[in-house]
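From first to last, the protein sequence lines are chains A and G. Residues in the first sequence are numbered from 1 upward in steps of one, following the UniProt record's numbering. Residues in the second sequence are numbered from 1 upward in steps of one, following the UniProt record's numbering. Every residue, glycine too, gets a C-beta built ideally from N, C-alpha and C. Please read these numbers as outputs of a predicted model, since none were measured by experiment.
Number of protein chains: 2
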Amino acid sequence: MSSDVKILLSEKEMPEKWYNIMADMPNLPKPPLNPATKEPVGPEDLSAIFPMELIKQEVSQERWIEIPDEVREIYKLWRPSPLYRARRLEKALDTPAKIYYKYEGASPPGSHKLNTALPQAYYNKQEGITKLTTETGAGQWGMALSQACNFFNMECKVFMVKVSYQQKPYRRSVMQIFGSSVFPSPSTETESGRKLLAADPDSPGSLGIAISEAVEIAAQRDDTNYALGSVLNHVLIHQSVIGLEAKEQMAKAGDYPDIVIACCGGGSNFGGMAFPFIHDKIVNGAKTRFIAVEPSACPTLTRGVLGYDYGDVAGLTPLLYMYTLGAEFMPPGIHSGGLRYHGDSPLVSQLLKDGIIEATSLGQTAIFEGAILFARNEGIVPAPESSHAIQCAINEALAAREAGEAKTILFNLSGHGLLDLPSYDAFMAGKLEDYPLPEGILNKALGNLPKI
Amino acid sequence: MSSDVKILLSEKEMPEKWYNIMADMPNLPKPPLNPATKEPVGPEDLSAIFPMELIKQEVSQERWIEIPDEVREIYKLWRPSPLYRARRLEKALDTPAKIYYKYEGASPPGSHKLNTALPQAYYNKQEGITKLTTETGAGQWGMALSQACNFFNMECKVFMVKVSYQQKPYRRSVMQIFGSSVFPSPSTETESGRKLLAADPDSPGSLGIAISEAVEIAAQRDDTNYALGSVLNHVLIHQSVIGLEAKEQMAKAGDYPDIVIACCGGGSNFGGMAFPFIHDKIVNGAKTRFIAVEPSACPTLTRGVLGYDYGDVAGLTPLLYMYTLGAEFMPPGIHSGGLRYHGDSPLVSQLLKDGIIEATSLGQTAIFEGAILFARNEGIVPAPESSHAIQCAINEALAAREAGEAKTILFNLSGHGLLDLPSYDAFMAGKLEDYPLPEGILNKALGNLPKI
């Protein structure tokens, strides 16, 4: 077994194909429905805002999907990403467990999001689209799509939730460095934005509003499409590059995980890491446990229900069959902006229902404790979102110590926290709340799910 | 020749020894002088604030100095650092030149500074010291020393120039995450700080004042020493790990640089990259050009004079024989805080005097233009300091295009700019000044050099 801290792959060892778990799932999720007709959506329902290649991937049951050379060339700027053995953290925890983590934070936007932003921009460009629109909350996805559009010489318009636009100027700066136009949402750029501003000029905005603005422009213009950073099947397919590399790296280390952990908001980070290993569980009977970790303030998988729901507040998107807290649920203002989403990937939802994966939730004071312990041992200051996976891995390593079991734990460190430092300041000053959610709040939102 | 974008080394290929250019220099710099007696300093003058091993390294003429295993173990968290071939930038410049860059920004503090912070903390710990003090301006060095002290379980007190403490809270947050105490300087922690505050309660502070505070505490307490992030010989020895790795990586790429470029403030970044290649020039007659790039607003090498000067404003440090603008010179408020120093490394100064290296200067609007061109092609948002090297490399690549010469250019990308984004905002808003320095200002400062 290697005594190295980092397990690296050469560029020649980078995967040439993405993995599509739909080829292997015992049960596929129910199909998305057209929000008007409540009938399953067809390609024609989606072609106003997505390119055909992504619509094809969305329903594909092919196990392997080729990564275009043009995308692989840009992946090489940071991929294959390193796998680390967290030797110093293991020692600090005095655990017999071995802890590995895959680090996606060395990418240009500092998170895993560019893995899918690049192919999304590429396929759109191939089909003659020259402009993309999107929404962003904390800004990770907006940064990634801005960079992807820059690499393929496309224009990018980002609608950034107004309160984040004002509070998180650093990520906005990066989008602008890469040439994007960034608008605080609600904006005067769209009909839906203007309508909202007329009613409430001081609206702080929300992801649901920003989605409406981005989709409105994409639907109206022939040269413009829309791009989404999580939830959908094609996004999770692209993210599989994470888990595929991790499998090669674990093999190089002479090891295989007993437990695979990732944080889970829309599901692209969890799916990207876990699905290639879940293949081994479904097809080869591997005994690995898979844990999706979400914030206790937005407990979609652990306290939501499985059913059809809208992706946005206004009800403009297709209805997805997923675990949801209800589209009207407004998560408390936790610092893990990337995990504040009422729904979840239909693929992740189905795997949870079928007992192939587990889900758990953590409060934000716990995850910042884990983040600081991790930083002081491994050097990297992690993103709050990724710190959910860290704290869960710490808990599992401590359980292994209690049980005296030399478990092998693998988690995805999906991004660094260098643009989240005010959150750390708030934690160190003792100002963070955990926002326990009373049943009543959830029941109210869940009582209003659309009737199918 | 490899077609890879990244040239990686395994942990086994990491250097086991640092390189000390004093073994090879045709002329050594004149020795430092005691500020009171004006006689050459002896070990006893320095032992109040530095451990003996670093004092030994400061005067050593051994070519190779062993890297302690304990330091190499922590280096493995990010070392060997990657060497990139900037293929996309080359294409954008339409140049026949090959451009390589060594990337030090993937380290925990995001810059090259941890390369020396770690051994400095280690040697102090070995000699029974449990606390270190230092000063920091923009915060790169303070972050690195905080992390190094954390890794070796030492306390760290950082005196941060007050105006930076207030304007750059992000780097302060990182120091605190790693357990340091950070004080805005001038502070009430020291006699010199209290004296200054009594005279001017609103003093914005300066590096010179912060050095005085850090040195005062270190000199008074037996368990406490002081650490410096650049200028001194032992710092440049530790940074040689950059150039040693780059030599191995260039060999793997089947190439050798015609031009080596690094930005230069105190000289540790330039020395770290260049000195191992300068060995080949001195010892083997290699024809490589070496370019130290400084800001035109702080033109130590290009417009200063070579002579004895103090390292700080108060005149407490030994007199160093170096290019200087005069210790009383106050550089304009450019965004490359790491390059705002009146003096330069005595080793770099001597090599410039002997014609072995060259120096040039660039204005800050030019370097931000280079930074954005680089980011849009290579993905990484560079630190303003490092962008001096980028813009110089771009200029050399364009000159190679004019001349039709396939030059091989290597530069050091010493850090990322994710904690410098307000500087980018100011540039994009057209608000940056170049601060051309009239002769008069320089002549005044240079007229007041200490008389030896």
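Interface flag, residue i vs chain G, CB-CB below 8 Å
i        : result
A:Lys6   : yes
A:Ile99  : no
A:Ser164 : no
A:Tyr170 : yes
A:Thr390 : Position check: residue 390 of chain A holds Ile in this sequence, whereas Thr was assumed. A:Ile390 does not count as touching chain G.
A:Arg39  : Per the sequence shown, the amino acid found at residue 39 of chain A is Glu instead of Arg. By this cut-off, A:Glu39 is not an interface position.
Residue i, DSSP secondary structure in three states
i        : result
A:Phe159 : strand
A:Ala360 : According to the sequence provided, residue 360 of chain A is Thr. The question's Ala does not apply to it. Correct three-state label for A:Thr360: strand.
G:Leu8   : coil
A:Val215 : helix
G:Phe374 : helix
G:Pro119 : helix
A:Glu405 : coil
G:Asn395 : helix
A:Phe411 : strand
A:Asn269 : helix
G:Gly179 : coil
G:Ser230 : coil
A:Met22  : helix
G:Ile49  : coil
G:Glu185 : Correcting the residue identity first, residue 185 of chain G is Ser in this sequence and not Glu. Looking at G:Ser185 - three-state DSSP - the assignment turns out to be strand.
A:Arg172 : helix
G:Lys113 : coil
G:Glu73  : helix
A:His416 : strand
Contacts that residue i makes with chain A (C-beta to C-beta distance below 9 Å)
i        : result
G:Arg376 : Gln147, Asn150, Phe151, Ile177, Phe178 and Gly179
Contacts of residue i in chain A (Cβ-Cβ under 7 Å)
i        : result
G:Ile380 : Pro108
G:Ile217 : The contacting residues do not exist; G:Ile217 stays about 24 Å from chain A at best.
G:Ser173 : Leu421, Tyr424 and Asp425
G:Gly66  : The amino acid at residue 66 of chain G is misidentified as Gly; the sequence shows Glu. Within chain A, no residue comes near G:Glu66; the closest Cβ sits about 20 Å away, beyond 7 Å.
heavy atom of the ligand SAH below 7 Å from residue i C-beta
i        : result
G:His238 : With respect to the ligand SAH, the structure offers nothing, as it holds no ligand at all.
Exposed unless 16 or more other CB atoms sit within 10 angstroms - verdict on residue i
i                      : result
G:Met52                : exposed
G:Leu347               : buried
residue 453 of chain G : The structure shown has nothing for residue 453 of chain G, since chain G only spans 1 to 452.
A:Asp312               : buried
A:Gly343               : buried
G:Pro35                : buried
G:Pro294               : The residue asked about is misnamed: residue 294 of chain G is Glu in this sequence, not Pro. Flag for G:Glu294 reads buried.
G:Ala386               : In the sequence on display, residue 386 of chain G carries Ser and not Ala. Under this definition G:Ser386 is a buried residue.
A:Ser345               : buried
G:Ala117               : buried
G:Glu135               : buried
Proximal residues to residue i (C-beta, below 8 Å), its chain only, five neighbours per side dropped
i        : result
A:Lys98  : Arg85, Glu90, Asp255, Ala406, Lys407, Thr408 and Ile409
A:Pro40  : Pro31, Pro32, Leu33 and Asn34
A:Gly208 : Asp312, Val313, Ala314 and Ala327
Interface residues of chain A facing residue i [CB-CB closer than 8 Å]
i       : result
G:Lys76 : Asp4, Val5 and Lys6
Closer than 7 Å at the beta carbon, the chain G residues around residue i
i        : result
A:Glu155 : Ordered by position in chain G, no residue passes the 7 Å Cβ test against A:Glu155, which lies about 14 Å from the chain.
A:Glu90  : Within chain G, no residue comes near A:Glu90; the closest Cβ sits about 14 Å away, beyond 7 Å.
CB contact check: residue i to chain A, cutoff 8 Å
i        : result
G:Ile372 : yes
G:Glu16  : no
Neighbouring residues, chain G, relative to residue i (Cβ below 8 Å)
i       : result
A:Glu11 : Asp4, Val5 and Lys6
Sequence-distant residues of the same chain with beta carbon closer than 6 Å to residue i, five excluded per side
i        : result
A:Phe178 : Ser146, Gln147 and Asn150
G:Arg79  : Met14
G:Tyr226 : Ile49, Thr133, Ala214, Val215 and Ala218
G:Leu432 : Gln364, Thr365 and Ala426
A:Leu419 : Tyr170 and Arg171
G:Lys131 : Glu155, Asp223 and Thr224
A:His279 : Asp24
7 Å Cβ shell around residue i - same chain, five flanking residues per side excluded
i        : result
G:Pro108 : Leu77, Trp78, Leu114 and Gln147
**OP:** Give the residues from the segment 407-439 of chain G that approach chain B closer than 7 Å (Cβ to any Cβ), ordered along the chain.
**Re:** Within the model displayed, chain B is absent; protein chains A and G are what it includes.
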